[in-house]
Amino acid sequence: MEELSFFINSTQRDGTDMREAPTDYVSIAWTRPVNWLRFTDLPRDIDAAAAKSRTIRYQRDLIRRWVQETQGRLVHEEAVMELSPDRATPQAVSVIEALRRQHPSATFLAVAFPRANGWRPHVHLEALLLKGRYHLLDPDSYISAAFSFDPSTHFSDWETQNASHRGQKACHRAEILAAIAALDPMSLTRKAEALNERGFTTHTGKAWTKDNLAKFLSSPAPMRADPAG
1 MEELSFFINS
11 TQRDGTDMRE
21 APTDYVSIAW
31 TRPVNWLRFT
41 DLPRDIDAAA
51 AKSRTIRYQR
61 DLIRRWVQET
71 QGRLVHEEAV
81 MELSPDRATP
91 QAVSVIEALR
101 RQHPSATFLA
111 VAFPRANGWR
121 PHVHLEALLL
131 KGRYHLLDPD
141 SYISAAFSFD
151 PSTHFSDWET
161 QNASHRGQKA
171 CHRAEILAAI
181 AALDPMSLTR
191 KAEALNERGF
201 TTHTGKAWTK
211 DNLAKFLSSP
221 APMRADPAG
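Note that UniProt numbering has the sequence shown beginning at 1, numbered continuously upward.
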């Protein structure tokens, strides 16, 4: 990554450089997986990750703008994919410990999403940040000529999509049962392999196995939503 440096322009009368050394910053941008869309991994390189995730791009650009405005120096940027779609895990942010050893004098930066709309904090991320120098940025809207992002709108839209997906569970079950019917009299193991080969996944986006297929077949059918309700 090309280092971003910004300095105060100031010299003594005799020409001696009086510029103060800029503050070094390390930025952490993170997002959650969406298993049913097979969005389950990201490159750690921030620019490669930003090309795959609008949430990562937003954090990267917001932090870069803030560092530039405060005349700091961004010495490292890290993209982190949470391991769970609905809870925080300590393993996902364990990389911060290694980054602290690499950059012991740096101030760590992250976007404080819980400051808006009562979103849940990433407790493990915050706990690691509290161990050293850190600064949390407000999750303000970001607007530029190339990219715009409003966190409130973005996450509200995602919740709508997730709710819609959850509501399709009965339809998904019918689709899988129809596919399985065409596979008789294969064993459960071979049926799971065949489903995977044909691009079918569980409703949460996981690959089929003998065990989860057996559980699927033994579970009761989900209730269909009442269109008049």
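A virtual CB, placed ideally from N, CA and C, is assigned to each residue, including glycine.
Beta carbon of A79 nearer than 7 Å to that of L42: yes
Enclosing alpha helix (DSSP H) for F155 [first to last residue]: For F155, the uninterrupted alpha helix (DSSP H) run begins and ends at P151 to R166, by DSSP.
Cβ shell of L83 (< 8 Å), same chain only, five flanking positions each side left out: P33, T89, Q91 and A92
Nearest-angstrom Cα separation, counted from A221 out to Q59: 41 Å
Distance, R133 Cα to A106 Cα: 7 Å
Bridge-paired residues (DSSP) for R54: In DSSP, R54 forms no bridge with anything.
Segment contact flag, the region 163-178 with the region 144-155, C-beta cutoff 8 Å, min 3 pairs: no
E126 versus K215: straight-line alpha-carbon distance, rounded: 37 Å
Same chain, Cβ closer than 8 Å to R38, neighbours up to 5 away in sequence not counted: T201 and G205
Beta-carbon gap between I180 and A110 smaller than 7 Å: Not closer than 7 Å, so no.
Which listed residue (P104, P121, H203 and S144) has its alpha carbon closest to that of L136: P121
Beta-carbon proximity of H124 to V26, cut-off 7 Å: no
N- and C-terminal bounds of the beta strand (DSSP E) containing L136: Y134 to L137
Backbone secondary structure at K210 - three-state DSSP: In this structure, K210 counts as helix in the three-state DSSP scheme.
D76, enclosing beta strand (DSSP E) - first and last residue: For the sequence presented, residue 76 should be read as His rather than Asp. Start and end: R73 to M81.
Coil, strand or helix - A181 by DSSP: helix
Start and end residues, alpha helix (DSSP H) containing L195: L188 to E197
Contacting residues, own chain, Cβ-Cβ under 7 Å from R115 (five flanking each side not counted): Answer for R115: D138 and P139, listed in chain order.
Beta-carbon spacing of V95, D24 below 7 Å: no
Three-state secondary structure (DSSP) of L37: helix
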